[in-house]
Every structure is written in structure tokens, then in C-alpha cells.
Amino acid sequence: VLLSVAGTAIAVVLFNILISNSSVLFASSVTYLIPVVAVLIGLAFHEQINYGQIGSMAVVLAGVFVANVLGKKKVAT
3 VLLSVAGTAI
13 AVVLFNILIS
23 NSSVLFASSV
33 TYLIPVVAVL
43 IGLAFHEQIN
53 YGQIGSMAVV
63 LAGVFVANVL
73 GKKKVAT
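Here the sequence shown stands for residues 3 to 79, where the numbers follow our numbering.
Here it is, written out as C-alpha cells:
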């Protein structure tokens with residue numbers, strides 16, 4: 003329990019330092035890529051990944067793309 007609490011606390015502190023020293027786009031990219039890295043680690047340990055998980059990651063990444071790239075363009079009305 004001590005190891006998990008201490009590890010989580012250190013990770014949160016380091017993540018907050020990362021966010022304060024970088025741009026908003028980089029911080030959001032890191033946040034949304036964590037599940038992708040987790041799935042890749044799962045694949046490395048031969049865990050079963052289904053199409054729902056891959057599709058969900060694609061939806062999340064598409065949403066990030068739309069919000070960060072297409073959201074900055076002005077929409078003609």
C-alpha cells in the first residue's frame with residue numbers, strides 16, 4: 003500500500019511539473035496517449051486486446067485531433 007500511494011504521489015507531482023513546463027497541447031497529448039501506451043504494454047505481455055478497445059482509442063484520438071487541430075480553424079457561417 004505504501005509503495006502504491008508513494009508511487010502515485012510522485013507520479014502526480016511529476017505530471018503537474020510536466021504540465022506547468024510545457025504547452026497545453028503537449029499536456030493533453032500526453033494525457034490522451036496514456037491508454038495507447040497501456041495497450042502496447044499489454045500487447046508486449048501477450049494480453050488479449052479486442053476490437054472495441056482499439057476502436058475506442060481511435061475515437062478518443064479523433065476527438066483530440068478535432069478539438070486541437072480543427073477547433074482552431076474558424077468556421078464560415
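Where is the CB? At the ideal position from N, CA and C, for every residue including glycine. Here the structure is a predicted model, which means the values were calculated and not measured.
Under a three-way DSSP split, which group does S31 fall into?
Counting from 1 along the sequence shown, the entry for residue 31 is found at position 29. In the structure shown, S31 sits in a helix (DSSP, three-state: H, G or I).
Straight-line Cα distance separating G54 from V39
Counting from one through the sequence shown, the residue named residue 39 turns up at place 37. Counting from one through the sequence shown, the residue named residue 54 turns up at place 52. Whole-angstrom Cα-Cα distance: 16 Å.
Provide the residue span of the alpha helix (DSSP H) that contains N70, from first to last.
Indexing the sequence shown from 1 puts residue 70 at position 68. Note, N70: alpha helix (DSSP H), Y53 to N70.
Using 8 Å as the threshold, is the C-beta distance between V71 and M59 below it?
Taking the first residue of the sequence shown as position 1, residue 71 is located at position 69. Taking the first residue of the sequence shown as position 1, residue 59 is located at position 57. No, Cβ-Cβ distance for V71 and M59 is not below 8 Å.
Tell me, to the nearest whole angstrom, how far the beta carbon of L16 is from that of V32; I am working on the premise that it is less than 8 Å.
Position 14 of the sequence shown, counting from 1, holds the residue named residue 16. Position 30 of the sequence shown, counting from 1, holds the residue named residue 32. No, L16 and V32 are not in contact; Cβ-Cβ is about 11 Å, not under 8 Å.
In whole angstroms, what is the alpha-carbon distance linking V68 and L27?
Numbered from 1 along the sequence shown, position 66 holds the residue referred to as residue 68. Numbered from 1 along the sequence shown, position 25 holds the residue referred to as residue 27. Going from the Cα of V68 to the Cα of L27 covers about 12 Å.
Please state whether the Cβ-Cβ distance between S30 and V7 is less than 8 Å.
Numbered from its first residue, the sequence shown carries residue 30 at position 28. Numbered from its first residue, the sequence shown carries residue 7 at position 5. No, they are not a contact pair.
Measuring CA to CA, which of T10, N18, L5 and Y34 is closest to A64?
Within the sequence shown, the letter at position 62 stands for residue 64. Checking every option, the nearest Cα to that of A64 belongs to Y34.
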